[in-house]
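Residue numbers (this note's numbering): 21 to 124.
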């Protein structure tokens, strides 16, 4: 299982992504030899973030999807889910999210 850092803001997301991308690739190789095609990302320690965190998560989701893997985001802070909901992205990360309704 991979773990997100405590802080994900616009100024550090590029560096965090560079590390996470390599870790995701390594995890896919390691887990690929076992059953299942899912990578878990622990967000329980994330406590300082902005919308750049969603950009990082979308990049991770895209990378996993391109390799036919599922990304499982575990223990996200409530405010991260709220931010994802505001941007209409909640259902991309969490299967239990209510469908996003578009207002006319």
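Glycine is no exception: its CB is placed at the ideal position from the N, C-alpha and C atoms. These figures come from a predicted structure and were not determined experimentally.
Spanning the alpha carbons of residue 89 and residue 60 requires a straight line of approximately 11 Å. Residues of the same chain with a CB within less than 7 Å of the CB of residue 85, apart from the 5 flanking positions on each side, do not exist. Among the bridge pairs identified by DSSP, residue 28 is matched with 69.
Judged by beta-carbon spacing, residue 77 lies beyond the 7 Å limit of residue 33, meaning their Cβ atoms are not closer than that value. Taking residue 92 as the centre and dropping the five residues before and after it, the same chain places the C-beta of 58, 60 closer than 6 Å to its C-beta, in chain order.
For residue 60, the secondary structure class from DSSP, reduced to helix, strand or coil, is strand. It is roughly 18 Å from the alpha-carbon of residue 39 to the alpha-carbon of residue 68.
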